[in-house]
Each structure stands twice: as structure tokens, then as C-alpha cells.
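Each remark here refers to the structure printed beneath this line.
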Amino acid sequence: FASNIGTWMQNVTLIALANNLTHSGAFVGLVTFAQLGPMLVASPVGGVLADRFDRRRIIMSGSAVQGVLSIVLAVVAWNGTPPPWALVVIVLGIGLANALIAPSNGALLPHLVDRRDLSGAVAVNSASMNGSRVLGPLLAALTSSLGTGWIFLINAAAYLFVIAAVGAAKVDLPEPDTSTVGPWRRFTDGLTTARDNPVL
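The C-terminal residue of the sequence shown carries number 254 in the numbering used here, and the numbering is unbroken.
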């Protein structure tokens, strides 16, 4: 929840910074796409990773990468006039890391609680996500006087909550799939399954 709040503080601040830098709606759209667009392309790759490797390590590593890139973003944006290209490149890195860990996040939840508690856990998770979308922008507005650099640093620090929580969680995960099926075949099999199943 704390990390999601930090993410939404950064999201809103990024949009404001992009607008202040260029006064261009197109550039604001580009920054937003750099942040969210990787989900369209990279999350299926993240699904392959979630099947083949330890999901906890994926989440912790990806969160660490996002935290480091948020620190880089803070340094670049500290004086309030970062180069626009640098903003896009750093945000694209954060978006890619997020897309690669998203499937592991989703796949981890059923292993955190008993099956009978799963619907409640999903509801709490959804409430946390939606609550952070409200509180994050509000806190960004309340702390805007600190400057963009500090808000990005707050978000970087918030990733420590994810790393600590996932590292401390007692999770009985299935063994990663080490079959000889390659990642490309696994990816195309997933697409075929989704295409052939009307519900998916």
C-alpha cells in the first residue's frame, strides 16, 4: 500500500513536470506511454519469467531496479529542468521493470493466503490499489512544495516496503518450471491458449 502510494505520487508529479518542461500535450502523452506502455509488450515476457524463476526474487529485484531508477530520476530532476529525453528514458526503464514483475505479483497472491481467504485477499488488494490512487495524488499535492526531486526520493524509499514484505513473507511456492520448453515456445503457447479460450 505504501509503495503504491509512492508510485502514484510519482505518477502525478511526472505528468506535472513533463507539462512544465515542454508545455506540450504530446510530450506528456509520451512520458505517460513510457511509463504504462511497456505493460502492453513486456508483461507476457514477465509471465514467462514468473513460470521459470522464483517469483519472490523477481518482485524484489524488479522493485530494487524501480527504486534505483527513481533515485536517478530524482537526481536528474533536482533542479526542475531535466533534459526531456532523459525523463523519457528513465521512466521507460521504470515502466519495463514494472511490466516484468506484474505477472509475478499477481501469481504470488494465491500463495499468501489459504484458498478460503483468497476472495478476501483479492478484495483487500483491490482496495489497496484504489486507495493509493486517491491518496498518492493528494499527498503529491500536499508535498509539492518540497520539489519534484524529493517526491521521487519518497517513491524510491517506498519500494523498500515491497522488498521487505516480500522477503519476509512465508510463501510455499511451487518449484519453478525447468522443463526444456524454451521461453519463446512458452510465450506462443500462452497466446494460443488465450486465443482458443473465449473466456480468456
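Built from N, CA and C at the ideal position, the CB exists for glycine as well.
Point to revise | For histidine 77, three-class secondary structure by DSSP | key: Walking along the sequence shown from the start, residue 77 turns up at place 23. Histidine 77: coil per DSSP, three-state reduction.
- Proximity of alanine 131 and threonine 202 at Cβ, strictly below 8 Å: Position 77 of the sequence shown, counted from the start, is the residue given in the question as residue 131. Position 148 of the sequence shown, counted from the start, is the residue given in the question as residue 202. Alanine 131 places its beta carbon less than 8 Å from that of threonine 202.
Between the stretch 144-161 and the stretch 70-89, can you find at least three pairs of beta-carbon atoms closer than 8 Å? The stretch 70-89 vs the stretch 144-161: in contact.
CA-CA distance, isoleucine 208 and proline 252? On the sequence shown, position 154 is the one that residue 208 refers to. On the sequence shown, position 198 is the one that residue 252 refers to. In this structure, the alpha-carbon of isoleucine 208 lies about 43 Å from that of proline 252.
Just to check my reading of the structure: arginine 110 and valine 220 have Cβ atoms closer than 8 Å, yes? What is that Cβ distance to the nearest angstrom?
Counting from one through the sequence shown, the residue named residue 110 turns up at place 56. Counting from one through the sequence shown, the residue named residue 220 turns up at place 166. Right, their Cβ atoms sit about 5 Å apart.
How is aspartate 243 classed by DSSP in three states: helix, strand or coil? Taking the first residue of the sequence shown as position 1, residue 243 is located at position 189. Aspartate 243 falls in the helix class under three-state DSSP.
Excluding the 5 residues preceding and the 5 following leucine 172 in the sequence, name in chain order all residues of the same chain whose CB lies nearer than 7 Å to its CB.
Working through the sequence shown from its first residue, we reach residue 172 at position 118. The answer, listed in chain order, is Pro164.
Practice item. State the Cα-Cα distance for the pair serine 198 and alanine 223, rounded to the nearest angstrom. Key: The residue labelled residue 198 in the question sits at position 144 within the sequence shown. The residue labelled residue 223 in the question sits at position 169 within the sequence shown. Serine 198 and alanine 223 have their alpha carbons spaced roughly 34 Å apart.
| request: Measure the alpha-carbon distance for glycine 116 versus valine 143 and round it to whole angstroms. | output: As a position in the sequence shown, residue 116 is number 62, starting the count at 1. As a position in the sequence shown, residue 143 is number 89, starting the count at 1. Glycine 116 and valine 143 have their C-alpha atoms spaced approximately 17 Å apart.
message: If the criterion is Cβ atoms closer than 8 Å, does the pair methionine 63 and leucine 193 meet it?
response: On the sequence shown, position 9 is the one that residue 63 refers to. On the sequence shown, position 139 is the one that residue 193 refers to. Going by C-beta atoms, methionine 63 is nearer than 8 Å to leucine 193.
- Message: Using a Cβ-Cβ cutoff of less than 7 Å, which residues in the same chain neighbour aspartate 226 once the five nearest sequence positions on both sides are dropped?
- Response: As a working note, residue 226 is residue 172 in the sequence shown. Excluding residues up to 5 positions away in sequence, His165 lie with their Cβ nearer than 7 Å to the Cβ of aspartate 226 in the same chain.
### Task
Could you check the C-alpha separation between alanine 80 and proline 137 for me, to the nearest Å?
Position 26 of the sequence shown, counted from the first residue, corresponds to residue 80. Position 83 of the sequence shown, counted from the first residue, corresponds to residue 137. Going by C-alpha positions, alanine 80 is about 16 Å away from proline 137.
Check whether the Cβ atoms of leucine 254 and threonine 246 sit closer than 8 Å, and answer yes or no. Within the sequence shown, numbered from 1, the residue matching residue 254 stands at position 200. Within the sequence shown, numbered from 1, the residue matching residue 246 stands at position 192. Taking 8 Å as the Cβ cut-off, leucine 254 and threonine 246 do not qualify as a contacting pair.
Does valine 188 come out as helix, strand or coil in the three-state DSSP assignment?
Residue numbering aside, residue 188 sits at position 134 when the sequence shown is read from its first letter. Reduced to three states, the DSSP call for valine 188 is helix.
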